[in-house]
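Under numbering that gives the first Met the number 0, think of the first position of the sequence shown as 0, with each following residue one higher. What follows is a short report on a single structure.
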Amino acid sequence: MSFWTAVVVMFAIASGVWLRAQKLRGEKPGFGGEDHGQREHELEAEVENLRKRIAVLERIATDDKRGSDLARQIEALRD
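Printed below as a string of structure tokens:
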């Protein structure tokens, strides 16, 4: 077997493994997933949730009058 034949065989094996891995993950063949709509929607919802949590934490950290409610608000954030 020549050097170039070995290179072609290794490339074919690697391509087959890569395509099979994509198939098992449920992705379409290609260099990038073309259907990111659902994942993008989930990430946007998560970012919005984190923004709300940051706003609550900022309010808790800067509000001196409500020190007694601090533990209750932190527990509410965990839910």
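All C-beta atoms in this analysis are idealised placements derived from N, C-alpha and C, irrespective of residue type, glycine included.
> Between the stretch 52 to 60 and the stretch 71 to 78, do three or more beta carbon pairs fall short of 8 Å?
Replying inline: yes
>> According to DSSP, is M9 part of a helix, a strand, or is it coil?
In response: Position 10 of the sequence shown holds residue 9. Three-state DSSP puts M9 in a helix.
> Helix, strand or coil: which one does DSSP assign to G25?
Replying inline: Here residue 25 corresponds to residue number 26 of the sequence shown, with the count starting at 1. G25 falls in the coil class under three-state DSSP.
>> For L42 and R50, I'd like the C-alpha separation in whole angstroms.
In response: Here residue 42 is taken as the residue at index 43 of the sequence shown, counted from 1. Here residue 50 is taken as the residue at index 51 of the sequence shown, counted from 1. The straight-line gap from Cα to Cα measures roughly 12 Å.
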